[in-house]
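Chains as they are written, first to last, in my numbering: chain A, -12 to 341; chain B, -12 to 341; chain C, -12 to 341; chain D, -12 to 341.
4 protein chains.
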Amino acid sequence: MSGNIYGTLFRIATFGESHGAAIGGVIDGCPAGIKLDLAAIQRDLDRRKPGQSAIVTQRKEPDEVVFFSGIFEGQTTGTPIGFAIHNTNQKSKDYSHIKDSYRPSHADYVYDEKYGIRDYRGGGRSSARETASRVVAGAIAKQFLNPVSIQAYVSGVGAIQLDKHPSEVDFSTIEDNPVRCPDLKMAVAMEEYIKQIRKEGDTVGGVITCVIKNVPVGLGEPAFDKLHAELGKAMLSINAVKGFEYGSGFAGTQMKGSQHNDLFNSDGTTQTNRSGGIQGGISNGMDIYFRVAFKPVATIMQQQSTINSKGEPVEMQGKGRHDPCVVPRAVPIVEAMAALVLADFSLLNRTIKS
Amino acid sequence: MSGNIYGTLFRIATFGESHGAAIGGVIDGCPAGIKLDLAAIQRDLDRRKPGQSAIVTQRKEPDEVVFFSGIFEGQTTGTPIGFAIHNTNQKSKDYSHIKDSYRPSHADYVYDEKYGIRDYRGGGRSSARETASRVVAGAIAKQFLNPVSIQAYVSGVGAIQLDKHPSEVDFSTIEDNPVRCPDLKMAVAMEEYIKQIRKEGDTVGGVITCVIKNVPVGLGEPAFDKLHAELGKAMLSINAVKGFEYGSGFAGTQMKGSQHNDLFNSDGTTQTNRSGGIQGGISNGMDIYFRVAFKPVATIMQQQSTINSKGEPVEMQGKGRHDPCVVPRAVPIVEAMAALVLADFSLLNRTIKS
Amino acid sequence: MSGNIYGTLFRIATFGESHGAAIGGVIDGCPAGIKLDLAAIQRDLDRRKPGQSAIVTQRKEPDEVVFFSGIFEGQTTGTPIGFAIHNTNQKSKDYSHIKDSYRPSHADYVYDEKYGIRDYRGGGRSSARETASRVVAGAIAKQFLNPVSIQAYVSGVGAIQLDKHPSEVDFSTIEDNPVRCPDLKMAVAMEEYIKQIRKEGDTVGGVITCVIKNVPVGLGEPAFDKLHAELGKAMLSINAVKGFEYGSGFAGTQMKGSQHNDLFNSDGTTQTNRSGGIQGGISNGMDIYFRVAFKPVATIMQQQSTINSKGEPVEMQGKGRHDPCVVPRAVPIVEAMAALVLADFSLLNRTIKS
Amino acid sequence: MSGNIYGTLFRIATFGESHGAAIGGVIDGCPAGIKLDLAAIQRDLDRRKPGQSAIVTQRKEPDEVVFFSGIFEGQTTGTPIGFAIHNTNQKSKDYSHIKDSYRPSHADYVYDEKYGIRDYRGGGRSSARETASRVVAGAIAKQFLNPVSIQAYVSGVGAIQLDKHPSEVDFSTIEDNPVRCPDLKMAVAMEEYIKQIRKEGDTVGGVITCVIKNVPVGLGEPAFDKLHAELGKAMLSINAVKGFEYGSGFAGTQMKGSQHNDLFNSDGTTQTNRSGGIQGGISNGMDIYFRVAFKPVATIMQQQSTINSKGEPVEMQGKGRHDPCVVPRAVPIVEAMAALVLADFSLLNRTIKS
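Take a look at the structure:
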């Protein structure tokens, strides 16, 4: 398996299955001299961790990160930062029923076909547990990027959609509710819906919106490595993501150029921001905003017909402790991946002039 | 500027501005022993070229590709394939009016800010002309991928949306109409609308859907380099793209897991295909399908207020010969980028077992 | 700091300073289905570890590797292999004398100039301790490469030079003496010399020769990534290495073409092997052999004049427990790096034909 | 074939066989705003081109470079620089005798084994003609690096060795003689020897020394990507190179640490420079110097026994116009590769601090 290393200059290599000894990674290329707020890193991990509220999986994992290297007297030294999060709550027996069976819309079948071997416990490498390592690296990237601010929130759960433009959202309320929706009335409705879905033994999808402020002009590379192209890849690499749009997105396809164009102010800012803060693949200094679509979790607590590794029909009942809706816990993951992309392009942008 | 090289094993490096001597590229990593159908490569270029119909830009450029290396007696040798498309129709005077002014929603402003220098003629490197090089490389990748078939088509122009699931589309009619919409009635409506938009001196956006058939199981890497993540990046790297969704996409976020899951048949195929042919980032052998959102072209033939490089307000009137809607010409570009992604993952997939 | 990730397909990311909690790494791209002999991995670590004999540093570190992921029921799964070696013997006080002073011919000065911050304990990242992670990855690469065999040995200590062509060497005796020289008489002389050098509080350089057998024809890429070019980089990336030559090497520059050319046998093997198993950057199936030059360790137990971070002259006396000659312990490191290079090119070589 | 792209930030992709339409490349990542001296680029090409003197191959090729992109009004724009050198003197018939036969110590045999197809004309991609593209890119890198100066010269032809330390060499005389040896008496001896070797229909090897001055402190990355490791790879990637050593090199292995260490002056410079300007993989501001070993050219004008593709014995007589000794023409190639390495690390070094 390739593809466990991400980035060009600010790079992360991650490892770990949900039921091994630990997950973790190596951050290579983090600049020297960043005074690290370690508590802030743990806070982002806590926003992602299981058991944090009544509407997420009730697994209990502290998800405490241990740093092995690259930090000296509170600062990054420029050397690689090795870290691990030990797995403490691995109920391997929960997964014996899937040892030889393929869960619908999971990666079990394709793993077996691709590798000829599969660590079936907890989904192995395909478990979303892998994203905790991304959150660690992203939290460090955020501190490097300061004063760039990256804020994600839940803007849709099933059919319940927040009808506010990102520029009108009050970010201060996001962490005040377990759904991480910045509209508290909407948040309550979403929470109720998630609880109902769980009672049904079912799951539901959702949408996360992310807004990035204080972005300098010039991040992103014009051809293949456009800023939004890499943001799109970063988001689509998160488990369960089915779509990505930025700025005017899919709705923008129905507009005319005369409606869509963002006219300039004299200082280079624009009067509108349908471009989503990116023009020609390069940040223009306006807020970057994008939406990320998450499908419903495939593991449901209902009986489903499926097949085993011999192709024989079997019945399967979801077991274990799963999320009825991933978006509340995915908010810090979206932020982390955005931070990794911006950190990388920030470093790259130092190299473009003679 | 970085970011002009794409891919890990099947790689392409492209060069060229719209008003230099030529555009072109180097394909590195193309396997040896592919019997090339050079006419098929030129056919894809012709599907992209200006002046091909009444609803695209009326610039006349033959876009003939010249190969310098890597092909011997009709076959690829495994050595790098260098190629160029000479620029024959460079009306540089058309662009003198933008030398010091910034076109709204174009890359002029960010280029100047980022690089401190800008080849203003024809948009320089930000011109969609760059994508012709991608079409060449993609056309070769298609021949390597055979019998994988990659077929894109226009499924939306402005508010006119094709309401057919990709699995129901008759591909044979796509090239029979200038819009490249597989529903001929709808194609006529789209064509009329584009003509009307052009009369207004305006532009309009659209959507391209792409379907990939005969994909082997196992393409894609589980973590950062998920198959759909790289497809998303590839599509978002095309000029004017604002969004990407695959399988159930954004609509899938409103479904329940019990509705969304694709149940298996005994042979590993699935009864439905909301996964869009990809599970856990890896192809599962079902058809891959995705949708790509294109914004309206920024260059309009109407007067717009903007600023010059000193921040002074200026009036600007679009000149030159531009597309009122890019999607008809973008169809082969979408296919080319999809082919590059699949070729790369096909090679990568040979390396995963001991 | 960049440059802590090595390889294209079989990749390793390493982390760790000599005085942090641990060193370790992530192996990405190791194929699935390799039955791992974990004891063999530890054996290679033991060949590198301090305190193994009377002629190496007397630090005591068990250098036990812990694997976090990527191995299931004794086999590689294809997922990334995370591992760590915990640091157990960190006499940080030994290094307080170099906190503000720059040891001659060490990296202290350039680190401070480059990063503005330095973990001065034990040389930080510039410590050869980092190479233990390479040995772990290389030991796994060896098992993947089987039946390719990689055997290094000491062929020079100071002026004592083994005057035998690699093709005449009896590998079976290498591990029978602490120097790892395959000529036991010569080994005794080298051992005596190293002991004398240590008594003087001095150090001495040496040469390691490496021979690779059973290499398939075709490894290596013709232009920039020639097999010997990457082997050279791999060797030169090991601490204290000053030179690399393969096949006829520097001596070959004094030969005529008519003397140097390797004439073919009818089966494609060659009658002589001045090419060193590589022609045009590609393995030709003959034994690959090369020599690696190691300078004397910079840390000596004698008083030296140097400067501190203010540029003031200071006297410095080497402290701690250092190697009088690195080559005996560097033998498994040379093998490990060679294995990583060959594993990478082996995977790459699967992708070159259609 | 992979491996035709070199570098991380300042990257070059090259293409071209000796008997195709052209060779050339794409330079990606060259910073914007470099005022290019195009004549200086051509001058370096002229130093490499055939027919320049009586002791090199008498093929006549003008080797004129054409730039397609990336340069506007005399400056680099930051966009990729595409270029080609058209092949004008392709005596394909000269090579018909090797269509089915394998020249000893050439790449013919391994190409056939590896790719299953081979452009046998002129050695195809394995021809040293490929290095002309490197010279173009290196000449641009040199201009970016200014005031870093990179100067190579011939220090050995066969057994005739220049016995002067690089710090004592007068560079001003290098281009005054066809051998490119800075000692004119020695140059005459070398020239005579090369002429004699040619008369014998034979070839001879040689050594090139390279000195880099005005290097800033801090270039190079500590672990795998040490400055000298990458320089080594770059040199070993040049056709016919068999070895690389920097600073004290192989001779340094016979020294004691007390003799080898470079003691500091108060300004951070060192009193001696056995380190060769690099410590711990990072430049320390002193002159970088290294030596590159070239084997004798494999094509000789004598009859040799060899095999054909069926393994049958055949007699072969070298034809065509070949170099009796490659080092005079390889001097600008060594410089070019050194420039590419330093340009890359210079850009990388901008990204290491917060």
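Backbone N, C-alpha and C define an ideal beta-carbon position, used for all residues, glycine too. All values derive from a computational prediction rather than experimental measurement.
Taking the alpha-carbon positions, what's the residue i to residue j distance?
| i | j | result |
| --- | --- | --- |
| residue 45 (chain D) | residue 117 (chain D) | 18 Å |
| residue 163 (chain D) | residue 281 (chain C) | 37 Å |
| residue 278 (chain D) | residue 232 (chain D) | 5 Å |
| residue 97 (chain C) | residue 269 (chain D) | 6 Å |
| residue 239 (chain A) | residue 260 (chain B) | 27 Å |
| residue 337 (chain A) | residue 100 (chain C) | 19 Å |
| residue 340 (chain D) | residue 18 (chain A) | 5 Å |
| residue -11 (chain C) | residue 306 (chain A) | 43 Å |
| residue 134 (chain B) | residue 326 (chain B) | 12 Å |
| residue 286 (chain B) | residue 26 (chain B) | 33 Å |
| residue 225 (chain C) | residue 291 (chain D) | 40 Å |
| residue 8 (chain D) | residue 328 (chain B) | 29 Å |
| residue -7 (chain D) | residue 140 (chain C) | 32 Å |
Using a cut-off of 9 Å between C-beta atoms, extract the partners of residue i located in chain A.
| i | result |
| --- | --- |
| residue 21 (chain D) | 341 |
| residue 332 (chain D) | Simply none; closest approach about 11 Å. |
| residue 208 (chain B) | -12, -11, -10 and -9 |
| residue 104 (chain C) | 19, 20, 59, 60, 62, 63, 64 and 65 |
Does DSSP put residue i in a helix, a strand or coil?
| i | result |
| --- | --- |
| residue 170 (chain B) | coil |
| residue 63 (chain C) | strand |
| residue 71 (chain B) | strand |
| residue 289 (chain C) | coil |
| residue 145 (chain C) | coil |
| residue 176 (chain D) | helix |
| residue 338 (chain C) | helix |
| residue 258 (chain C) | coil |
| residue 153 (chain B) | helix |
| residue 107 (chain B) | coil |
| residue 190 (chain A) | coil |
Where do the ends of the beta strand (DSSP E) carrying residue i lie?
| i | result |
| --- | --- |
| residue 333 (chain D) | No beta strand (DSSP E) contains residue 333 (chain D), which is instead part of the alpha helix (DSSP H) from 314 to 335. |
| residue 279 (chain A) | 275 to 281 |
| residue 51 (chain B) | From DSSP, residue 51 (chain B) is part of no beta strand (DSSP E); its letter is neither H nor E. |
| residue 135 (chain D) | Per DSSP, residue 135 (chain D) belongs to no beta strand (DSSP E) and is neither H nor E. |
| residue 39 (chain C) | Careful: residue 39 (chain C) lies outside any beta strand (DSSP E) and carries neither H nor E. |
| residue 90 (chain B) | Unbroken run through residue 90 (chain B): none, as it is neither H nor E. |
| residue 197 (chain A) | 193 to 200 |
State the start and end residues of the unbroken alpha helix (DSSP H) segment that holds residue i.
| i | result |
| --- | --- |
| residue 29 (chain C) | 25 to 35 |
| residue 127 (chain B) | 118 to 132 |
| residue 236 (chain B) | 236 to 239 |
| residue 99 (chain A) | 95 to 102 |
| residue 246 (chain A) | 244 to 247 |
| residue 220 (chain D) | 214 to 223 |
List, in order along the chain, the chain D residues whose C-beta lies closer than 8 Å to that of residue i?
| i | result |
| --- | --- |
| residue 18 (chain A) | 338, 339, 340 and 341 |
| residue 29 (chain B) | The premise fails here: residue 29 (chain B) is roughly 17 Å from chain D at the closest Cβ pair, so nothing lies under 8 Å. |
| residue 54 (chain A) | Those do not exist, as residue 54 (chain A) stays about 17 Å from chain D at its closest Cβ, beyond 8 Å. |
| residue 294 (chain C) | 251, 252, 253 and 255 |
Can you name the residues of chain A whose CB is closer than 7 Å to the CB of residue i?
| i | result |
| --- | --- |
| residue 241 (chain B) | 145, 146 and 192 |
Output, in chain order, the set of chain B residues within a Cβ distance shorter than 7 Å of residue i.
| i | result |
| --- | --- |
| residue -4 (chain C) | 338 |
Report the neighbours of residue i on chain C: residues whose CB is nearer than 7 Å to its CB, in chain order.
| i | result |
| --- | --- |
| residue 171 (chain D) | Simply none; closest approach about 21 Å. |
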